[in-house]
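See below for the structure under consideration.
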């Protein structure tokens, strides 16, 4: 019985985590932003800015590697 309860609790935790990750992915894609408050939107904006900077940095590095050959 304890094992079943533990398994059920683990399942519920994983399900909640999965749903949170889905919400986060939708938000990063610009979807379902209505329920977010201003602080959550600012956090999302910082995440997107950081990701964009990393992508640009990688692109510049890759281009400079290609040019140096």
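Residue numbers (the numbering used here): 1 to 69.
For glycine and all other residues, C-beta sits at the position ideal for the given N, C-alpha and C.
1) Tell me whether residue 63 sits in a helix, a strand or coil according to DSSP, three-state version.
2) I'd like the list of long-range same chain contacts for residue 26, defined as Cβ closer than 6 Å, with 5 residues on each side in sequence excluded.
3) Can you give the Cα-Cα distance for residue 23 and residue 69, rounded to whole angstroms?
4) At the level of alpha carbons, what is the spacing between residue 39 and residue 1?
5) With residue 44 and residue 36 assumed to form a contact (beta carbons below 8 Å), what rounded beta-carbon distance in angstroms separates them?
On the basis of the data shown:
1) On the chain shown, position 63 is the one that residue 63 refers to. If DSSP states are grouped into helix, strand and coil, residue 63 belongs with the helices.
2) Taking the chain shown and counting its residues from 1, one reaches residue 26 at position 26. Only 32 meet the Cβ criterion.
3) Counting from 1 along the chain shown, the entry for residue 23 is found at position 23. Counting from 1 along the chain shown, the entry for residue 69 is found at position 69. Cα to Cα, the separation comes out at about 43 Å.
4) Residue 39 sits at position 39 when you count from the first residue of the chain shown. Residue 1 sits at position 1 when you count from the first residue of the chain shown. Their backbone Cα atoms lie some 43 Å apart in a straight line.
5) The residue given as residue 44 occupies position 44 in the chain shown. The residue given as residue 36 occupies position 36 in the chain shown. With a Cβ gap of about 7 Å, residue 44 and residue 36 count as contacting.
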